[in-house]
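For the sequence shown, the numbering used here gives the first residue as 419, with consecutive numbering after it. Positions of the beta carbon are idealized from the N, C-alpha and C atoms, including for glycine. Worksheet: one structure, shown below.
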Amino acid sequence: MESTAARILTILLIMYLALGVFGATFNSFSINSGARYTNSPKLNLSLDASASEMRFSCNQNNWTSWLPYASSYEFELQESYGCTPSDGNKVIYAQVRDNDGNATLSNWIILDTTKPSRPQSLIVVRDGNIIKLSWGASSDSSGLSQYIVWIEEYWKEKKLYSVNVSGYETNWQHFAIERRKYCYKVQAVDKAGNYSLYSNEQCIMTSSEGPALTLEILDMNRNSRDINGISYFSEETIIIRVTANAELKSITGYIKQGSEKQTLSFKGSNGNFNATYKLKPIDGNALVHVDVGDYLDLNSSAEKSFIVDTVKPDLNIYSLRQIGEEALLLKAIFAKDVAKLYVELLGERHLFDKFDANGENALLSTELDISRADNEIIEVKVIAIDKANNETSMRLEKKIVLNADEKIEDLEKFAALIRSSIKNVAETALIEQKDLKQELEEAAKQIEEIKNEAKAGNYDSVRELLKEARKALEQIYSKRVQIKVVKKQKIDYYEEKEISYAELAGYFKGVPKETKKLWNALSIKREVKTIEILENGSKNYRITVSLIIKNLSDRKVGPFWLIELVPKSIARRFTEMKANNVLKLRKDDPIVEIPVKALESGEEVTLIYSGPIIVDKNIEDIYIELSEFYVPVPVKNTEIEVRFIHIYHRPDILPLIIIVILVCSAYIAYRRLKR
């Protein structure tokens, strides 16, 4: 019975401890942050527990002493704690306690201190710009984590760098730079962090030939003077320019003229070097030779020949004439070995390098632009330069006509301005200037002659004719009549008339029905202008009447007469009246009859007439008395006599209004008294 009770008590105690009913709480325990491999007997233990003390063991028999609880602890595998320092799986027990009891957890890690085997048979090959590496796999009990590819790059300086490759891969590749030497070796790393020995080293060069060179012979303006693959120079300083596709470690060279040979001294950096040399006056072939080496100790050389010529070319200009408003025609003959011909004109230099052959000589015929010229005398300089840059020049002065087309156009505009002025005076003030019109026609013929001369290229004649025509037009301009409207009075019979047509009709006898329809269809405005006239230094005046007539109806209006009462200021000298159309004057009456053509719907015409010129008066002394009366009469009714009875005056209705008010007041008073 006691043994049964004891067994039950033991079972309950084990369950109590397992379930954590009694003792410390132990949540987690890890080694080296959860790693499964290590190459060091020193381990970093991490704990998460609710306890006051802790201890560790490899066999749960040999423990460290109780230590104050901490969340981390460095534990070393020692036999005194039941541990073996040899490679293999290591189980670590951690035990914590507090006042309620103990709690134990365990974890494991594999100790591996053995290096992986060395990678074997490293192979390096180049495929275009790509270098490919492959090697035999390493072996290790823990398994491989990665390979390290070590790279040494050789050029001007040595560079060492590495690349990590997965432990499952046994090949790698990279982009290679031209003109470089690369050396490679591979090292394996296992999961415990052990490094193998290096593989065999393999090296490869991305270039096997010396640098590619470009050798140029230039003048001091850096022009090659190359004509069909051959350069030409005179007795001058030249530049020998060497360009390589790689950075150069060394460069030497020499130049040979005839039997003389001189060493060249180059300056520069990277792949660009220059040397200068003053050529000697030894005509014939010359040679430049250059040797270079790069930082891979790869060498190459180049040489270039050229021609030295110190004789100046022949040049002759045999024609230079103006052929257009903006062009000169130049003709020159010169030596056949001329490579370039420059023409300096108006601050610009024009290059010509294509010529016509003429035996031992060459010819050039070209047009030159002179549109920018601002003087009638211009300078032309022609420079002939042969293949070796020897130069011969000629300088000429040429008289030209500036902007002939523009001057002709200005004359035409001036003539049009005068013509417009004459027309305006005729239309506005009804003053004809027949003599000036005749002179203007002669000037117009002269302008046409100038145009023809310009087309024919006779610019010397054009220049003189332009002066003559300008002078003639200025004389005509100075003699023209000038006018200015100084006063204007306007009446709109359609919109602002004070009497209706019906009222107006009451003042005439025998007005037919068709005439009344005509009145209703028209809009008539009258403008009376006082015009100041300046002629030969004197100032006079003229009064004009303009009638603006418009058909406002939706039908065509047939021809009709407009009968108008002339203002007194015009009618005083009735026999001197002028008009821009036919006027019929009524005898002894200040009335005119003006014929008007048929008007389409919406069509408008303007009729003008005026009195004589008023002389010896000031503008303040001129008075115009206007009349509101006009009568449009159809043509078919012209036989009917239409006469004014009297000048219409609006009746004074104020007395009538007073009478009406008095009558109404009397009537109202009467009605009140009767009540």
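| Item | Value |
| --- | --- |
| Looking at Asp608: is its Cβ nearer than 8 Å to the Cβ of Ser563? | yes |
| Have a look at the DSSP bridge pairing and note the partners of Pro1050. | Leu980 |
| Is Gln620 closer than 8 Å to Ile541 when the C-beta atoms are compared? | yes |
| Sorted by chain position, which residues of the same chain lie with C-beta nearer than 6 Å to Thr670's C-beta, five sequence neighbours on each side aside? | Asp709 |
| Specify the secondary structure class of Tyr487 as computed by DSSP and reduced to three states. | coil |
| Tell me whether the stretch 713 to 723 and the stretch 685 to 702 touch, counting them as touching only if at least three CB pairs, one residue from each stretch, are closer than 8 Å. | no |
| Work out the CA separation of Ile949 and Asn1036 for me, nearest whole Å. | 12 Å |
| Kindly give me the distance between the Cβ atoms of Tyr877 and Val819, rounded to whole angstroms, as I take these residues to be in contact under 8 Å. | 4 Å |
| Just list the residues that DSSP pairs Gly506 with in beta bridges. | Leu529 |
| Counting beta carbon pairs with one atom in the stretch 588 to 602 and one in the stretch 621 to 632, are three or more of them shorter than 8 Å? | yes |
| Between Val583, Glu721, Lys943, which lies nearest to Thr661 when the distance is taken from Cα to Cα? | Glu721 |
| Between the Cα of Ile548 and those of Phe593, Gly875, Ile1026, spot the shortest distance and give me the residue it belongs to. | Phe593 |
| Excluding the five sequence neighbours on either side, which residues of its own chain have a C-beta within less than 7 Å of the C-beta of Asp590, listed in chain order? | Note that residue 590 is Trp in the sequence shown, not Asp. So the qualifying residues of the chain are Leu551, Val567, Val581, Val583. |
| From the DSSP output, which residues share a beta bridge with Val729? | Val729 is not bridged to any residue. |
| Helix, strand or coil: which one does DSSP assign to Phe832? | helix |
| Is the Cβ-Cβ distance between Ser556 and Asp530 less than 8 Å? | no |
| So Leu733 and Ala775 are supposed to be a Cβ contact under 8 Å. How far apart are they, rounded? | Leu733 to Ala775, Cβ: 16 Å. No contact. |
| Between the C-alpha atoms of Leu763 and Arg643, what's the straight-line distance to the nearest angstrom? | 24 Å |
| How big is the Cα-Cα spacing for Lys947 and Val975? | 28 Å |
| DSSP has Thr694 in a bridge; who is on the other side? | Ile657 |
| List the DSSP bridge partners of Lys550. | Val543, Gln591 |
| Three or more C-beta pairs closer than 8 Å, one from the stretch 851 to 861 and one from the stretch 879 to 899: is that the case here? | yes |
| Please look up how many angstroms separate the CB atoms of Thr962 and Leu848, rounded, as I've assumed it's under 8 Å. | 7 Å |
| Looking at C-beta atoms only, is the number of pairs between the stretch 570 to 577 and the stretch 498 to 512 that lie closer than 8 Å three or more? | no |
| Touching or not, the stretch 825 to 834 and the stretch 805 to 813, by the rule of three or more beta carbon pairs under 8 Å? | no |
| CB-CB under 7 Å to Asn480, same chain, minus the five flanking residues each way: which ones, in chain order? | Ser498, Tyr499, Gly500 |
| What is the rounded straight-line gap between the Cα of Lys838 and the Cα of Leu781? | The question names Lys, yet the displayed sequence has Ser at residue 838. One C-alpha to the other measures close to 53 Å. |
| What is the DSSP secondary structure of Arg890, counted as helix, strand or coil? | The sequence shown places Ala at residue 890, not Arg. The answer is helix: DSSP assigns Ala890 an H, G or I state. |
| If you scan the stretch 933 to 959 from start to end, which runs of the beta strand (DSSP E) of 3 or more residues do you find wholly inside it? | 940 to 953 |
| Quick one: is Pro537 buried, meaning 16 or more other Cβ sit within 10 Å of its Cβ, or exposed? | buried |
| If you follow the alpha helix (DSSP H) that Ala469 is part of, which residue opens it and which one closes it? | Per DSSP, Ala469 belongs to no alpha helix (DSSP H) and is neither H nor E. |
| Within 10 angstroms of its Cβ, does Ile743 collect 16 or more other Cβ (buried), or is it exposed? | Note that residue 743 is Glu in the sequence shown, not Ile. With 16 or more other Cβ atoms within 10 Å, it is buried. |
| Using the three-state DSSP reduction, which class does Cys601 fall into: helix, strand or coil? | strand |
| Residues in the same chain with beta-carbon distance under 7 Å from Asn1103, minus the five sequence neighbours each way, listed in chain order, please. | No information on residue 1103 is available, as it lies outside the stretch 419 to 1093 that the chain covers here. |
| Exposed or buried, Asn639, counting other C-beta atoms within 10 Å across all chains shown (16 or more means buried)? | exposed |
| Applying the criterion that 16 or more other CB atoms from any shown protein chain within 10 Å of the CB defines a buried residue, is Pro503 buried or exposed? | exposed |
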